[in-house]
Amino acid sequence: MFNRLRARITRAYVLLALVLVLAVAAASTALAFLLYARGLSDAIPGAAQRVAEAAASVKKPVASLEAPAVLSAIGRSRFHVTVLDDRGRPVAQNEREGPPSPGRAVLIALGHAIGLPRATVTIPGGRVLINADFDRFGSMLVWYWSIMLPIGVLAVITAWLIARRITSRAVGPLIEVTQALDRIAQGDFSPRRLLNENSDLPELTGAYNDVAYRLATASAERVQTEGQMRQFIADAGHELRTPLTVIMGYLDVLRRGILQDAQATQHAYETMLDESRKMRELINKLIYLARLDRAPAPLRPVPTDVAAITDRVIAALAPLAHGRIEQTARDEGAIVDADESELSEAVKNVIENALKYAPDSKVRVGVERADGRVCVNVADSGPGMEAHDIEHAFDRFYRGSGRADVEGSGLGLAIAKRTVERAGGTIAIESRPGEGTMVTMCLPSLGKPPPAA
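Below you can see the structure in the form of structure tokens.
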């Protein structure tokens, strides 16, 4: 995996190391040549002066016997000296024995190119030519490159090993992310988390971790939603099947003419009408809850007076409550950002729920404002709830253990919870067996506090 990428990165490192080694060797060679040539350039005038002084001591024309005396004045260390007679024929020279060093012509050409001086000294009966001698420098250059070549090879091998190490470490996060993505593609939506501190690409692993977390969360939510939907359909079917069974049973009895008594027939019609009302109420709540789940929250603030809504709900439920509803607190400045009809439905469902499940208790309703929130409290002194009932109180179709005799659909608190959440608020329930229950709905406040007395 990623072998081609590894090979390209490794070749790039090796090529870079090779170029650096060659650049260092070439630069050091050029510098040495320039320094050597500069030293010769400074020494050639002095050598010409010594040749002139040595030639002045020779009174007769130069010949083979006098030429060594001229050559001895310069020596054979750094210069190539040739003594010519008056016909231009070489009489003597200080050339070393053996073949010239490799590349002498190239070095001489470079010396002439950079302007290395040459000297010609006229002596009796001839002249002396003085040129730079690059044989020694050529030998030194061969020695230098014989050392630099193994060093260069060692540097390239070292660069190759380091490049493989660096490349493996750099490609490691890519391999891990690719393998994790392959697991996701195969259907595993809970991949393991990659550690950023062990990666040379923390941004990549961090981005993958974020995506993996969101994907795992979305997958878990999807599974949960599908499970809830299946449970919702099963519960809705169960709740609708009971009244339909009753209605169909009575219709079958009426169709057969079994009921001959007028009172029994009237009872059958009333029972079917009552079951039809229950079924209609259940269907209306299901449609309303589905609309809350589907519709987006209001985009514009809608200032709503919670106290006024609570007053209207209490007035509407008063005939059915027979004086059991008490308003304990009413804050005039309780203004929130919510849909009025939705908030009214939420308050109504919570109060109706308290009236049904605490039939022998007063239902206390209060609207208060504190800490920038408006809270509606609905409390009763009924039988209370067990801990496991509190945990599932807001689940759809949940009616509590041992409450099968209480008429209802188990959707009231679910609708209230969804409505409050759409308005950006929270809903909580507190209850103890035998001590009653209190449901608190809190929304962000938009109203200003009333002036102090």
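Convert by adding 893 to the 1-based position in the sequence shown; the result is the number in my numbering.
Positions of the beta carbon are idealized from the N, C-alpha and C atoms, including for glycine.
To the nearest angstrom, how far is it from the Cα of residue i to the Cα of residue j?
i, j, result
"residue 1152", "residue 1143", "10 Å"
"residue 1266", "residue 1236", "15 Å"
"residue 1024", "residue 974", "6 Å"
"residue 990", "residue 905", "Any reading at residue 990 must be qualified, since the residue scores a pLDDT of 44, below 50, and its modelled position is unreliable; no value is offered."
"residue 1280", "residue 1221", "27 Å"
"residue 1335", "residue 1319", "5 Å"
"residue 926", "residue 1042", "19 Å"
"residue 1243", "residue 1126", "24 Å"
"residue 898", "residue 1304", "60 Å"
"residue 1134", "residue 1288", "20 Å"
"residue 1274", "residue 1182", "29 Å"
"residue 907", "residue 1067", "22 Å"
"residue 1154", "residue 1162", "13 Å"
"residue 946", "residue 940", "10 Å"
"residue 1330", "residue 1257", "11 Å"
"residue 1262", "residue 1197", "14 Å"
"residue 901", "residue 1064", "12 Å"
"residue 1291", "residue 1112", "25 Å"
"residue 1114", "residue 1062", "36 Å"
"residue 1278", "residue 1325", "6 Å"
"residue 1247", "residue 1176", "22 Å"
"residue 1204", "residue 1310", "20 Å"
"residue 1046", "residue 924", "22 Å"
"residue 1044", "residue 1033", "17 Å"
"residue 1337", "residue 1317", "7 Å"
"residue 1350", "residue 1306", "The shown model of the chain, from 894 to 1346, leaves out residue 1350, and the question about it has no answer."
"residue 1347", "residue 922", "No statement about residue 1347 is possible, as the shown extent of the chain runs from 894 to 1346 and does not include it."
"residue 933", "residue 1039", "25 Å"
"residue 986", "residue 1037", "29 Å"
Tell me, to the nearest whole angstrom, how far the beta carbon of residue i is from that of residue j; I am working on the premise that it is less than 8 Å.
i, j, result
"residue 1098", "residue 1070", "7 Å"
"residue 912", "residue 1048", "Not quite, the Cβ-Cβ distance comes to about 11 Å (not below 8 Å), so this is no contact."
"residue 1327", "residue 1252", "15 Å between Cβ atoms; not a contact."
"residue 1313", "residue 1199", "About 11 Å separates the two Cβ atoms, so there is no contact after all."
"residue 1108", "residue 1228", "Not a contact, Cβ separation roughly 41 Å."
"residue 1179", "residue 1129", "6 Å"
"residue 1021", "residue 944", "5 Å"
Check residue i in the structure and name its three-state DSSP category.
i, result
"residue 907", "helix"
"residue 1227", "coil"
"residue 1328", "coil"
"residue 1320", "strand"
"residue 985", "strand"
"residue 1337", "strand"
"residue 1281", "helix"
"residue 1288", "coil"
"residue 935", "helix"
"residue 979", "coil"
Among residues of its own chain, excluding the 5 on either side of residue i, which ones have a beta-carbon nearer than 8 Å to its beta-carbon?
i, result
"residue 1192", "Low per-residue confidence applies at residue 1192: pLDDT is 46, beneath 50, and the placement is therefore not dependable enough to give any value."
"residue 1158", "1147, 1152"
"residue 1379", "This structure cannot speak to residue 1379, because the chain is shown only from 894 to 1346."
"residue 909", "1052"
"residue 1174", "1302"
"residue 1195", "1230, 1231, 1232, 1233"
"residue 1165", "1139, 1140, 1143, 1144"
"residue 1308", "1178, 1181, 1182, 1185, 1238, 1239, 1242"
"residue 896", "none"
Going by beta carbon distance, what residues of the same chain come within less than 6 Å of residue i, once the five residues before and after it are set aside?
i, result
"residue 1136", "1168, 1171, 1172"
"residue 1332", "1243, 1271, 1322"
"residue 1217", "1255, 1256"
"residue 1259", "1221, 1222, 1270"
"residue 1011", "1024"
"residue 1219", "1255, 1257"
"residue 1286", "1306, 1322"
Say whether chain C places a C-beta atom closer than 8 Å to the C-beta of residue i.
i, result
"residue 1262", "The structure shown contains no chain C; it is built from a single protein chain."
Report all residues from its chain with a CB closer than 7 Å to the CB of residue i; omit the five preceding and five following residues, and keep chain order.
i, result
"residue 1057", "903"
"residue 1132", "1175, 1290, 1302"
"residue 1283", "1322, 1324"
Quiz item: Hey, which unbroken runs of the beta strand (DSSP E) at 3 residues or more fall wholly within the segment 1013-1074?
Solution: Runs of the beta strand (DSSP E) inside the segment 1013-1074: 1019-1025.
Self-check item: Minimum length 4: unbroken alpha helix (DSSP H) runs contained in the segment 1218-1266
Solution: Counting only runs of 4 or more, we get 1233-1250.
Exercise. For the segment 1143-1206, list the alpha helix (DSSP H) runs that are entirely contained and at least 4 residues long, ordered along the chain.
Key: The segment 1143-1206 contains, as complete alpha helix (DSSP H) runs of 4+ residues, the segments 1155-1187 (chain order).
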